[in-house]
Amino acid sequence: MSISSAYNIARSGLRATEARADMVAGNIANARTPGYARREEVQISTGAGQGSAVELRMSRQIDERIAGMTRGAGAAMGGASVAGEILRGYLSTLGAPGDEVSPAARMADFQAGLDLLANNPSDPSVQNDVLARADGLVRSLNAASSELGRSRVQAADSFERSVGEVNNALSGIAALNEQLRGTSVGLQNGTLMDEMNRKLDALGTQMEFQARWEADGTLTLHSLGGTELVSGDDAARLTADRQTGGLFADGVDITPNRTGSRGFSSGRLAGLSEMLSTVIPQMNLQLDELARGMIEGFEAADTSLAPGDAGLFTDGGAAFDPAQVGGLAGRLAVNDNLRPEKGGALWRLRDGMATPTPGEPGATAQINAFIRVFDDARPVDAGAGLGSSARLGDFAAGLVGHQHNVRVTADARAEAAGIRLASFEESRSSIEGVNIDIELQKLLEIEQAYGANSQVLSSLSTMIDTLLNAV
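Each residue of the sequence shown is one higher than the one before, starting from 221 at the first, in our numbering.
Written as structure tokens, this is what we have:
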């Protein structure tokens, strides 16, 4: 080997060592940077024979399959966690099964008050107690309806914010595609690829998607239903219908879990869409069905009423109107004909809401008719998901249990998804993450390699000086 060849090899070794040092320093500096994938060196020989020099290239350590599984688990967790986030305040107001503030407990309390009244039909204090219990039952439904309305607004606002975040991520991915076009994926443009990683991770919590790297170095994204989200530097724009939970990509229906749509079934967007399209409307219907059963039941049991007269429970003071069932739980009220401060009289609990004058003090026929309302099964809208008929008390208990079960089930799904996510993140971290101890060991190796190459150059310089002096 000639001196010049040895010199070139040693010099290339120094350059490679310098590049390795920069790479290791970058790994250490970005150990806690989100989306950063660890760099590893790929050392190749240039030329042939004993005079081969070395060249260093860097490779980002990433497993696309594990990354995709991590994002899928993140989407499942994001979708399942929505129920707890949106319904927390409402379910607290509704009360859990057995809580004295729940409609089921208030219903049982009111029924017990009527039983006491049947034994003391003319006692004003007992009559007043029954009115207070009726008011408590009504307030529990009014409060639940109002809080559920606030939960719906919260879900709609969150839905629109999530759509905005997705649009930002999609447009960011398209912009990165423009910069990455024509490069070799995983070998160059490491900073851009890290940014792409962050965009995909952020998008993964919002929705499921399919990703494919193209030959020109760009990334193409589709929904699981096949709708194109990003192609090259072109990104679809998502729009949301906050009333129905509908979701569209450039006009194409990608509403999660909707029959016939080309969307997806997991992710925060899917969870919020389900809240708006299915969960909250059904909860509203259940509350309204309970209010309807109370109004209709006590109207039918009141022999004093003429057609159009309001019974013990009213729709904002009016009789039941089949065309106005929506929002009924929020308008539910006790008939003012019972309230002395509004010109009513407590004895109408004994004699009927439309009775003009007091009846016999010991009469119990009307009270017993009111009590029998709780014994009769009434038809229920099948859309409420609680059967086709039920007694008032059973329906109230079923309503509370069903609505709390929505959150319990979602929390269980979120916990299971969280376990999968932690497992995938650990596997991903072992591939992409930076181990400071290992990187520091590499620095010691680099120091030794640098010293060896420097020693070669020093020896070569001494040899050249000796030859020159010998001339």
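All C-beta atoms, glycine included, are put in the ideal place defined by N, C-alpha and C.
Just to confirm my understanding: we take residue i, look at its own chain, exclude 5 residues before and 5 after, and list those with CB closer than 6 Å. What are they?
i, result
"residue 298", "425, 487 and 488"
"residue 514", "533"
"residue 417", "255"
"residue 633", "300"
"residue 401", "436, 437 and 438"
Do residue j and residue i count as a contact pair if the criterion is CB distance below 8 Å?
i, j, result
"residue 469", "residue 441", "no"
"residue 609", "residue 597", "yes"
"residue 383", "residue 296", "no"
"residue 191", "residue 280", "Because the chain is modelled from 221 through 691, residue 191 falls outside the range shown and cannot be assessed."
"residue 555", "residue 582", "no"
"residue 386", "residue 423", "yes"
"residue 648", "residue 393", "no"
"residue 654", "residue 250", "yes"
"residue 627", "residue 364", "no"
"residue 357", "residue 326", "yes"
"residue 412", "residue 456", "no"
"residue 409", "residue 439", "no"
"residue 570", "residue 521", "no"
"residue 604", "residue 509", "yes"
"residue 526", "residue 490", "no"
"residue 484", "residue 443", "yes"
"residue 328", "residue 613", "yes"
"residue 316", "residue 624", "yes"
"residue 312", "residue 360", "no"
"residue 637", "residue 293", "yes"
"residue 652", "residue 248", "no"
"residue 594", "residue 611", "yes"
"residue 558", "residue 551", "no"
"residue 523", "residue 341", "no"
"residue 309", "residue 366", "no"
Helix or strand or just coil, what does DSSP make of residue i?
i, result
"residue 461", "strand"
"residue 545", "coil"
"residue 511", "helix"
"residue 407", "Here residue 407 scores only 46 on pLDDT, less than 50, and its place in the model should not be relied on; the value that follows carries that caveat. Residue state, collapsed to three classes: coil."
"residue 246", "helix"
"residue 310", "helix"
"residue 343", "coil"
"residue 356", "helix"
Can you tell me whether residue i is buried or exposed? The criterion is at least 16 other CB atoms within 10 Å of its CB, across all chains shown.
i, result
"residue 587", "buried"
"residue 683", "exposed"
"residue 528", "exposed"
"residue 433", "exposed"
"residue 664", "exposed"
"residue 353", "buried"
"residue 447", "buried"
"residue 668", "exposed"
"residue 437", "buried"
"residue 506", "buried"
"residue 474", "buried"
"residue 320", "exposed"
"residue 284", "exposed"
"residue 463", "exposed"
"residue 347", "buried"
"residue 619", "buried"
"residue 240", "buried"
"residue 535", "buried"
"residue 576", "exposed"
"residue 517", "buried"
"residue 688", "exposed"
"residue 562", "exposed"
Closer than 7 Å by C-beta to residue i: which residues in its own chain qualify, once you throw out the five before and the five after it? Chain order, please.
i, result
"residue 243", "259, 261 and 278"
"residue 645", "290"
"residue 375", "306, 492, 495, 496 and 500"
"residue 607", "600"
"residue 235", "none"
"residue 333", "349, 350 and 353"
Using DSSP's beta-bridge definition, name the partner residues of residue i.
i, result
"residue 440", "432"
"residue 330", "For residue 330, which the question treats as bridged, DSSP gives no partner whatsoever."
"residue 261", "278"
"residue 467", "460"
"residue 533", "554"
"residue 538", "535"
"residue 610", "598"
"residue 448", "442"
"residue 454", "451"
"residue 473", "468"
Grab me the residues of residue i's own chain with a C-beta within less than 8 Å of its C-beta, minus the 5 sequence neighbours each way, in chain order.
i, result
"residue 512", "540, 545 and 548"
"residue 406", "Here the model assigns residue 406 a pLDDT of 45, short of 50, so the residue's position is not dependable and the matter cannot be decided."
"residue 430", "441, 442, 443 and 444"
Please report whether the beta-carbon of residue i lies at a distance below 8 Å from any beta-carbon of chain B.
i, result
"residue 314", "Protein chain content of the structure displayed is limited to a single chain, and chain B is not contained in it."
Within the present structure, is the beta-carbon of residue i separated from the nearest heavy atom of the ligand ADP by less than 7 Å?
i, result
"residue 444", "Among the components modelled here there is no ligand, and therefore nothing to report on the ligand ADP."
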